[in-house]
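Visitor:
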Amino acid sequence: MGLCGLASAWDFSLIARRAEQLYGTQSAGRENLDAWQQLLREHGSASEQEKLQAVNRFFNLRLRFRDDIELWHVRDYWATPVEALYKGAGDCEDFAIAKYFSLRHLGVPSDKLHVTYVKARALNQAHMVLTYYPHPRATPLVLDNLIDAIEPANRRTDLVPVYAFNAEGLWSGSGRQVGDSKHLSRWQDLLRKMHAEGFP
1 MGLCGLASAW
11 DFSLIARRAE
21 QLYGTQSAGR
31 ENLDAWQQLL
41 REHGSASEQE
51 KLQAVNRFFN
61 LRLRFRDDIE
71 LWHVRDYWAT
81 PVEALYKGAG
91 DCEDFAIAKY
101 FSLRHLGVPS
111 DKLHVTYVKA
121 RALNQAHMVL
131 TYYPHPRATP
141 LVLDNLIDAI
151 EPANRRTDLV
161 PVYAFNAEGL
171 WSGSGRQVGD
181 SKHLSRWQDL
191 LRKMHAEGFP
């Protein structure tokens, strides 16, 4: 079973112990981790729309935006959800990744979720969001740390898709599958870090 398996596969007592070993004893970090566990426990039987709203709201409220140079002293770093919660902060890909794993853990199928790299026109810079496809040919919904509202992609004309990925695949900006995520080294590094944190 992978990182996004059944709820019973995540042992939060183990994850909390590993987090303290790896990142130190921080009351704010432990509090954020406990709140994440509670969110997942409370929304296990919710509808997919309710899960989207709850997860999007949780991370948008719980994490402050900080860029990688400030947080990690490197230009580009993909934090695990636990790292982001321990910092209480992250950049756009950290928000998107945390939302992705949370929704997978809540039972949303992988093929409905894409971590999507976009160009944010207003900011004139690269940005990352999570997109949710109710069915394969649907216009996806966009979960974004820039705004709290979850809107269809055709209303987010400020975002231009560049590529997208999930645990199974890699897609071009036009939506054509072009490979698998095994070729994304940062994604593979992220999975290794999560394994070290106690995720199965």
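For the sequence shown, position 123 matches number 123 in the UniProt record's numbering, and the numbering has no gaps at all. The beta-carbon is built from N, C-alpha and C at its ideal position, and this holds for glycine as well.
Taking only runs of the alpha helix (DSSP H) that begin and end inside the region 8-57, which ones reach a length of at least 4 residues, in chain order?
Guide: Runs of the alpha helix (DSSP H) lying entirely within the region 8-57 and spanning at least 4 residues, in chain order: 12-23, 27-42.
Visitor: Quick one: is the Cβ of Ala167 within less than 8 angstroms of any heavy atom of the ligand ADP?
Guide: Judged by which ligands are present, the structure shown has none, so any question about the ligand ADP falls away.
Visitor: What is the rounded straight-line gap between the Cα of Leu146 and the Cα of Val162?
Guide: 18 angstroms
Visitor: Rounded to a whole number of angstroms, what is the C-alpha to C-alpha distance between Leu6 and Ala46?
Guide: Confidence at Leu6 is low in this model, with a pLDDT of 47, below 50, so the placement of that residue should be treated as unreliable; the coordinate-derived value is given next. One C-alpha to the other measures close to 15 angstroms.
Visitor: Using 8 angstroms for Cβ pairs, my map puts His43 next to Ala54. What's the rounded Cβ distance?
Guide: Indeed, because the Cβ distance is near 5 angstroms, the residues count as touching under 8 angstroms.
Visitor: Using the Cα positions of Thr25 and Ile69, report the straight-line distance between them to the nearest angstrom.
Guide: 23 angstroms
Visitor: For residue 209, which beta-bridge partners are listed by DSSP?
Guide: In the structure as shown, the chain starts at 1 and stops at 200, and residue 209 therefore has no counterpart that could be examined.
Visitor: Counting only the same chain and skipping the five closest in sequence on each side, list residues whose C-beta sits under 7 angstroms from that of Asp67.
Guide: Asp91
Visitor: Measuring CB atoms only, is the region 71-80 touching the region 133-148, in the sense that at least three cross pairs come out at less than 8 angstroms?
Guide: no
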